[in-house]
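J.: Under the numbering used here, read the sequence shown as residues 5 to 350, first letter to last.
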Amino acid sequence: MILPVSTVPPPSDVGRPLSSPLPLRSRISVPFLRSTNKIQSCTCSMTPQNWANGLSALDSNINDQSMPGNFGNSAGEAKDESDILIECRDVHKSFGEKTILRGVNFKIRHGEAVGIIGPSGTGKSTILKIIAGLLAPDKGEVLICGKRRHGLVSDEEISGLRIGLVFQSAALFDSLTVRENVGFLLYENSRMPEDKIAELVTENLAAVGLKGVEGRMPSELSGGMKKRVALARSIIFDNTKEVIEPEVLLYDEPTAGLDPIASTVVEDLIRSVHLKGEDALGKPGKIASYVVVTHQHSTIKRAVDRLLFLHEGKVVWEGMTHEFTTSENPIVRQFASGSLDGPIRY
Ligand SMILES: Nc1ncnc2c1ncn2[C@@H]1O[C@H](COP(=O)(O)OP(=O)(O)OP(=O)(O)O)[C@@H](O)[C@H]1O
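1. Ordered along the chain, which non-local residues of its own chain (more than five positions away) have a Cβ less than 6 Å from that of Val-212?
2. Please indicate yes or no: does the CB of Glu-316 lie closer than 8 Å to some heavy atom of ligand 1?
3. CA-CA distance, Lys-97 and Gly-107?
4. Check the DSSP bridge columns for Phe-1 and list the partner residues they point to.
5. Express the C-alpha separation of Ser-293 and Pro-123 in angstroms, rounding to a whole number.
6. Please classify Arg-152: does DSSP put it in a helix, a strand, or coil?
7. Counting along the chain, where does the alpha helix (DSSP H) carrying Pro-268 start and finish?
8. Closer than 7 Å by C-beta to Val-308: which residues in its own chain qualify, once you throw out the five before and the five after it? Chain order, please.
9. Label His-114 either buried or exposed according to how many other C-beta atoms from any shown protein chain fall within 10 Å of its C-beta, with 16 as the threshold for buried.
10. From this set, Phe-188, Trp-321, Ser-343, Gly-342, which residue's C-alpha is nearest Asn-333's C-alpha?
11. Would you decide whether Asn-74 is buried or exposed? Buried here means 16 or more other CB atoms lie within 10 Å of its CB.
12. Distance check for Asn-193 and Phe-241, CA to CA, integer angstroms please.
13. Does ligand 1 have even one heavy atom less than 8 Å from the beta-carbon of Ile-348?
14. Compare the beta carbon distance of Val-319 and Phe-110 with 9 Å and say whether it is the shorter of the two.
15. Is Phe-241 a contact residue of ligand 1, with contact defined as CB to any heavy atom under 8 Å?
16. Answer yes or no: do Gly-317 and Leu-262 have a C-beta to C-beta separation smaller than 9 Å?
17. Return the CA-CA distance between Ile-239 and Ala-340, expressed in angstroms with no decimal places.
18. Identify the continuous beta strand (DSSP E) that holds Gly-107 and give its terminal residues.
19. Short of 6 Å in beta carbon distance, which residues of its chain neighbour Ala-56, apart from the five on each side in sequence? Order them along the chain.
20. Going by DSSP, what residue range makes up the alpha helix (DSSP H) through Tyr-191?
21. Does ligand 1 have a heavy atom nearer than 8 Å to the CB of His-301?
22. What does the alpha-carbon distance come out to for the pair Ser-302 and Ala-266?
23. Going by the C-beta, is Thr-126 closer than 8 Å to any heavy atom of ligand 1?
24. Who are the near neighbours of Gln-338 in its chain, counting only those whose CB is closer than 6 Å to its CB and skipping five residues on each side?
25. As a quick exercise: from Phe-171, Phe-99, Phe-188, pick the residue whose alpha carbon is nearest that of Ala-140.
26. For Glu-4, which option in Leu-214, Leu-89, Val-205 has the closest C-alpha, if you only look at C-alpha atoms?
27. Give a single yes or no on whether Lys-231 has its beta carbon closer than 8 Å to a heavy atom of ligand 1.
28. Since Gly-127 and Ile-104 should fall inside the 8 Å C-beta cutoff, what is the C-beta to C-beta distance between them, to a whole number of angstroms?
29. For Val-182, which of Arg-166, Ala-202, Leu-169, Arg-195 has the nearest alpha-carbon?
30. Would you kindly work out how many angstroms separate the C-alpha atoms of His-315 and Ile-121, rounded to a whole number?
31. In angstroms, rounded to a whole number, what distance separates the CA positions of Tyr-255 and Val-146?
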């Protein structure tokens, strides 16, 4: 079956009053933010890298570069390209007169946990939206499993990989219950019976540590719970399908606004739903890789292995998380120390 696009409603749809008494399937018709296109086999079939090894798992892929546009390998190292799930090539984006992205280049490989950091307003969320197909680049291209994305989320030519975007705000429908929010994609786009969807919702809520909240409204949840509900919504999938495509999840500031302990819970959940290819219930996970935009040090340390530093529209540094604080790159040093002196001007 061809599913259009994702579970996660865009911010403009959040809180839209849905007063009709019709069942959920017929009540809602909105765009989604998960690309779930026609199933073909994706060539990206590398074994996921060993999450348990944490920072050391990707040590061989260190880059601390001052020249933008030449990332991905250590000097002279020929690297296998078959595990690249997402590639941004020379991506440019302006809003009106304002140029935000000026040639962004990076690759996300199968099994990677990548963080995107950088000063506010530098285009981190914009690049996630471009990867998710919510925005089109003005110039350059996004390749999904080696195939160029030509259009936006409804692009049927991209296949074999689902891309989910989890919004900073959690972006739950205020007028739907937790069950309806989490099962949204399945109620709308699958042929699964409603009781099976409800079971799956309960399972996925349990996977993010939530029990007995299915009937609650979003307004009855704390900020951390909302983020966990959004996480459950992003990992649920129709397990009756013969072929389940792997998924890359894009998290936009998943821990923003949370207290340190709630942040730790979310950071560990982000890891655990991907860890060793299994979810928290021990079932095979389908999250191939994930990308996290964040400003929080704890999230950088706990939830990602490799970092991309975006500044003035380009990736100006990339390296392993543990290199971030020891990098000699002046931009990184200033950002890591929070100093007002340095190349970053506010
Ligand atoms: N749809 C839009 N229309 C006009 N301007 C936009 C749009 N989306 C983003 N911008 C502008 O583009 C710039 C980059 O926004 P973006 O949200 O990508 O930055 P960011 O790096 O994620 O910032 P922060 O760290 O503060 O969340 C900002 O100046 C923002 O106002």
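Glycine included, C-beta positions come from ideal geometry on N, C-alpha and C.
T.: From the atom records:
1. In chain order, Arg-232, Leu-235, Ala-236, Leu-273 place their CB closer than 6 Å to the CB of Val-212, counting only its own chain and leaving out the 5 sequence neighbours on each side.
2. Outside the cutoff, so no.
3. Distance between the alpha carbons of Lys-97 and Gly-107: 9 Å.
4. A question about residue 1 goes unanswered here, because the residues of the chain that appear run from 5 up to 350.
5. Rounded to whole angstroms, Pro-123 and Ser-293 show a C-alpha spacing of 24 Å.
6. Strand at Arg-152.
7. A quick correction: the sequence has Thr, not Pro, at residue 268. Counting along the chain, the alpha helix (DSSP H) containing Thr-268 begins and ends at 264-276.
8. Excluding positions up to five away in sequence, the list reads Ala-117, Val-118, Gly-119, Val-296, Thr-325.
9. Buried, because 16 or more other Cβ atoms sit within 10 Å of the Cβ of His-114.
10. Of the candidates Phe-188, Trp-321, Ser-343, Gly-342, the residue whose Cα lies closest to the Cα of Asn-333 is Trp-321.
11. Bear in mind that a pLDDT of 32 at Asn-74, under 50, signals an unreliable position, so the number given afterwards is only what the model happens to contain. So Asn-74 ends up on the exposed side.
12. If I take the Cα positions, the gap works out to 11 Å.
13. No, the Cβ of Ile-348 stays beyond 8 Å of every heavy atom of ligand 1.
14. Yes; because the gap between Cβ atoms is below 9 Å, this pair is in contact.
15. False, no ligand heavy atom lies under 8 Å from that Cβ.
16. Cβ distance not < 9 Å, so Gly-317 and Leu-262 don't count as in contact.
17. Rounded to whole angstroms, the separation of the alpha carbons of Ala-340 and Ile-239 is 32 Å.
18. Counting along the chain, the beta strand (DSSP E) containing Gly-107 begins and ends at 102-113.
19. The pLDDT assigned to Ala-56 is 30, lower than 50, so where the model puts this residue is not dependable, and the model offers no usable value.
20. 188-193 is the extent of the alpha helix (DSSP H) around Tyr-191.
21. For ligand 1, not one heavy atom lies less than 8 Å from the Cβ of His-301.
22. Taking the straight line from one Cα to the other gives about 11 Å.
23. Yes - ligand 1 has a heavy atom lying nearer than 8 Å to the Cβ of Thr-126.
24. For Gln-338, the CB contacts under 6 Å within the same chain, skipping 5 residues up- and downstream, are Gly-346, Ile-348 in chain order.
25. The shortest Cα separation from Ala-140 among Phe-171, Phe-99, Phe-188 belongs to Phe-99.
26. Residue 4 cannot be examined here, being either before or after the span of the chain that is shown, 5 to 350.
27. Result no, Cβ not under 8 Å from ligand 1.
28. Between Gly-127 and Ile-104 a beta carbon distance of about 4 Å is seen, short of the 8 Å cut, so the two are scored as contacting.
29. Nearest of Arg-166, Ala-202, Leu-169, Arg-195 to Val-182, Cα basis: Ala-202.
30. When rounded, the separation of the alpha-carbon atoms in His-315 and Ile-121 is 9 Å.
31. Each residue's Cα considered, the two are about 18 Å apart.
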